[in-house]
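Please read the structure below before turning to the comments.
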Amino acid sequence: MIDVTATAVLLGGLLYLELQQQWQLKIKTKSSKFKIALSIAATILIVALFWTTNTISNLRLVFVAVLVASVGLYRQGLGEEKVITYGSIAHASDYARYDRVITEQIKQGTMVTFWSKKGGSYSLTFDQPETVIRDFLKQHLPQHVKLLTAESFAHLEKIEAHDDRDRQAKLLHAIRNRPQRNQLPWQKRRSSSTADHESR
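Under the numbering used here, the first residue of the sequence shown carries the number 2, and numbering increases by one thereafter.
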């Protein structure tokens, strides 16, 4: 019974933290009826399939079912200081963690991609127009985070790829043309001994 109580406390704490996140939402992502229906169906199915006559086991089952339901029912979106996603408590998804934020108008609304050199990227879809999303982000993103459109991001990627090719070409040229590269082993020894003699 102690482990069940501990699990209940931990689960309650997690759900409370996630609820606090929901209060921070300023712009919510597009609601997915399929996701909600799927989480509710999964919750009912878990309880129906694994329900037993053991009270302790049933309590554990309820905890799992509640956790599954919360994943589907909680919303994601934009807060004043961070991206609100399930499980991103504390400072896990602060805007300052990203290098670029890319907005793109799509058929379903507006897609916003949060891009980081260190941690990869992920996208959220919103019902609101791109202009509304961009205005909000301009007010809340730190100065070092670049707010880009999909077109400007693609252009920037092309420039950076070109610069990277130039750097690699210069490095390869320097390696190919270093003084001792094309000398035979005894020529390299002779060059090094001559250099030592001259230094004396």
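The C-beta atom is built at its ideal place from N, Cα and C for all residues, glycine as well. Bear in mind that the values here come from a model prediction, so they are computed numbers and not experimental data.
According to DSSP, residues forming a beta bridge with residue i
i	result
Val84	Leu79
Ser124	Thr114
Leu149	Ile103
Lys239	Residue numbering for the chain in the displayed model covers 2 to 201; residue 239 lies beyond these limits and cannot be assessed.
Asp95	Lys83
For residue i, the nearest candidate out of the options (CA to CA)
i	options	result
Lys31	Ile107, Leu125 and Gln25	Leu125
Lys108	Gln129, Gly78 and Ser117	Gln129
Lys147	Ala97, Gly120, Gln77 and Thr111	Ala97
Ala151	Leu173, Val113 and Ala9	Val113
Thr6	Ser40, Thr56 and Ala42	Thr56
Local conformation of residue i per DSSP, three classes
i	result
Thr44	helix
Lys119	coil
Thr6	helix
Gln144	coil
Gln109	coil
Opening and closing residue of the alpha helix (DSSP H) in which residue i lies
i	result
Gln140	Glu131 to His141
Thr56	Thr56 to Leu74
Sequence-distant residues of its chain with Cβ nearer than 7 Å to residue i (five each side left out)
i	result
Ser122	Thr114, Phe115 and Trp116
Ala280	Since the first residue shown for the chain is 2 and the last is 201, residue 280 is missing from the structure and cannot be characterised.
Neighbourhood of residue i by C-beta, 6 Å cutoff - its chain only, sequence neighbours within 5 removed
i	result
Gly73	Lys36, Ile37 and Ser40
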